[in-house]
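Protein chains: 2
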Amino acid sequence: MSSVLDGLAVDPASDRAVFRQIADQLRTAIRGGRLSEGDRLPSEAALIDHYGVARMTIRNALQILETEGLTRAEHGRGVYVRRKPPVRRLASDRFARRHRKEGKAAFIAESEQSGARPDVDMIRVNEMEAPSEISGRLGHAGPVIVRSRRYSLDGTPVETATSYIPADIARDTPIADPNPGPGGIYARLEELGHTLERFTEEVTARMPTEAEVRLLALMPGVPVFRLIRTAYDAQGRAVEVCDTIMSADAYVLNYELPAH
Amino acid sequence: MSSVLDGLAVDPASDRAVFRQIADQLRTAIRGGRLSEGDRLPSEAALIDHYGVARMTIRNALQILETEGLTRAEHGRGVYVRRKPPVRRLASDRFARRHRKEGKAAFIAESEQSGARPDVDMIRVNEMEAPSEISGRLGHAGPVIVRSRRYSLDGTPVETATSYIPADIARDTPIADPNPGPGGIYARLEELGHTLERFTEEVTARMPTEAEVRLLALMPGVPVFRLIRTAYDAQGRAVEVCDTIMSADAYVLNYELPAH
DNA sequence: CAGTGGTCTAGACCACTGC
DNA sequence: CAGTGGTCTAGACCACTGT
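Chains as they are written, first to last, in my numbering: chain A, 1 to 260; chain B, 261 to 520.
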């Protein structure tokens, strides 16, 4: 009976803690392909037997791998090598006007092109005072229409987004309606005379909050992108700020930079 | 004697595990400002006394906060609320030619402008076959000059970068020299007739490897950005691929997107 | 039901810090 | 030196999974 553990042993005299040595060996087995995506790791009991250590030592080792995002523990089933989800690439021209022509919002149009089944839920719309982080980017304080929603692909949540539009622009328009109509709110903004001229995006990454873990069904060890996009019209006025949280293991962000 | 723990207790009958409840209460104290940046948390012994639980229960709670990046444990001293490092904003025009005129490489010029003391070390240059990830972006296989280095600000490492330039362009030029001269390798590429026309950047985020933790002196719970930039010359040829790893808590990436 | 991981207890010894 | 966190042992009971 051969096992991924064959020949592996720890050196109790080493400077490196035993649980780290065990984590190292399991990590090497995963990266080296001796344990593939979806494979089950030896159970805690098997590891305790093999290495001759206490359970907490094994659990500390497994915790390292989970924190690194390499494994996923399933209660009552075992610890598994995590499968990498399909990656979604965002092109930097995804908000170009030509992509808005067919009357579809950016997320829907893009996903259907890549063959995934897009879904939007948890849509909420209300009006409030802009938080300072938002009013700073909009360039003025005052009430805003807030549109929040969650996007999923093939049933898996991948991103939450909250848009802030100045109320003097959006109040009593389809933008303040849960369903803003074909082309999404960018199409409505242009119909209202706010031709979109440019966007800026600010990208940060961090570990998720507990609320984000729930909303995006995030696995442990997966960071999130926070992407704050500001849309400017032809007059140079900021007409929307969109605050997006994305599962980092599901996205690659592509950008095009000028050299001149 | 007042303490941040005053009035805090756990409900052993709750569905939520005791160590999570304790972590919740400490997190709330930090976010609510009752514990500020740099403050010491109550010691493990004090928490054991206060909550009347075993040490592992406390340590599990503290581990949650450390994984979230909220605290930092210092052996023999205590557990402290982590200070947020100064943030470095990268503008999307940072490689524009006009910024290259004064004869300084992008990182140096930019840092001095922001008042920090930049430093570059661990410079290594050699020639090898391009890894497939790189040759794919360069558009052809073959030998490449590999330049790797580490950037620091005020003595703190913030970023490692590895550039790959096709050897048929860079061999026996200053680009293959550890010190490529004023303006960096982009200035040299342009002198060699490769006028830089555009750049693409691909941004991902993930938890760091152990090697990255060492190189960038990363705190636990801090993800890294991986930014792969490809530089194209006026003929449309990819002349450099730069693979960068950045501490995510030290960076905000800014991009400008066209609307047309 | 047996086997799995989740939580928790009650100790032990060690290494590091600061006085 | 006392106080701190780092590592480790040897148990216990529980909740969840699959047969």
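Glycine included, every Cβ here is placed at the ideal spot set by N, Cα and C.
* **V484 (chain B) beta carbon less than 8 Å from that of E472 (chain B)** => yes
* Exposed or buried, which one is T288 (chain B) when buried takes at least 16 other CB atoms within 10 Å? -> exposed
* CB-CB length for L184 (chain A) against A106 (chain A), believed under 8 Å -> The question names Leu, but residue 184 (chain A) in the sequence shown is Gly. That belief holds up - the Cβ atoms of G184 (chain A) and A106 (chain A) are roughly 7 Å apart, short of 8 Å.
* Going by beta carbon distance, what residues of the same chain come within less than 7 Å of R124 (chain A), once the five residues before and after it are set aside? -> S148
* Just curious, the alpha helix (DSSP H) that R34 (chain A) is in, first and last residue? -> Per DSSP, R34 (chain A) belongs to no alpha helix (DSSP H) and is neither H nor E.
* **Members of the stretch 458-475 of chain B near chain A, C-beta cut-off 9 Å** => R458, F459, T460, E461, E462, V463, T464, A465, R466, M467, P468, T469, E470
* Asked: Which bits of chain A does L456 (chain B) rub up against, with CB to CB less than 8 Å?
  -> A259
* Using a Cβ cut-off of 8 Å (strictly closer), state whether T162 (chain A) contacts chain B. => no
* Asked: Between G329 (chain B) and the rest of its own chain, which residues show a CB-CB distance below 6 Å, the 5 nearest in sequence each way excluded?
  -> G481, V482
* **Amino acids of chain B, ordered along the chain, whose beta-carbon sits closer than 7 Å to that of E256 (chain A)** => R458, T460
* **Three or more C-beta pairs below 8 Å linking the stretch 166-179 of chain A and the stretch 85-100 of chain A** => no
* To do: Determine, using beta carbons only, whether T504 (chain B) and L487 (chain B) come nearer to each other than 8 Å.
  => yes
* At a Cβ threshold of 8 Å, is S274 (chain B) touching chain A? -> no
* Residue of A:R237, A:R198, A:P166 minimising C-alpha distance to Y515 (chain B) -> A:R198
* Quick one: which chain B residues come within Cβ less than 8 Å of S111 (chain A)? -> Under the 8 Å cutoff, chain B gives no residues; its nearest Cβ is about 19 Å from S111 (chain A).
* Asked: What residues in the stretch 319-332 of chain B have a beta carbon less than 9 Å from any beta carbon of chain A?
  -> Q323, T327, E328, G329
* Asked: Apart from the five residues just before and just after P42 (chain A), which ones in its own chain have a Cβ nearer than 8 Å to its Cβ?
  -> S3, V4, L5, H50
* Cα-Cα, which of B:Y446, B:I368, B:N386, B:N439 is closest to D414 (chain B)? -> B:I368
* Kindly identify the DSSP beta-bridge partner or partners of F225 (chain A). => A:A205, A:M246
* Spell out whether any CB of chain A is found under 8 Å from the CB atom of P483 (chain B). => yes
* Asked: In chain order, which beta strand (DSSP E) runs of at least 3 residues are fully inside the stretch 394-449 of chain B?
  -> 403-413, 416-426
* Evaluate contact between the stretch 279-286 of chain B and the stretch 314-329 of chain B, counting only Cβ atoms and requiring at least three cross-stretch pairs below 8 Å. => yes
* Buried or exposed: A187 (chain A), going by 16 or more other Cβ atoms within 10 Å of its Cβ? -> buried
* Asked: Which whole-angstrom value describes the C-beta separation of G501 (chain B) and Y424 (chain B), a residue pair presumed to lie in contact below a C-beta threshold of 8 Å?
  -> A small fix is needed here, since residue 501 (chain B) is Val in this sequence, not Gly. 5 Å between Cβ atoms; contact.
* **Cβ of F355 (chain B) within 8 Å of any chain A Cβ** => yes
* Roughly how many whole angstroms lie between the Cα atoms of L218 (chain A) and R40 (chain A)? -> 20 Å
* Quick one: what does DSSP say L513 (chain B) is sitting in, helix, strand or coil? -> strand
* To do: Might you give, ordered along the chain, the residues of its own chain that have their beta carbon closer than 8 Å to the beta carbon of G267 (chain B), omitting 5 neighbours on each side?
  => none
* Asked: CB V81 (chain A) to CB G32 (chain A), shorter than 8 Å?
  -> no
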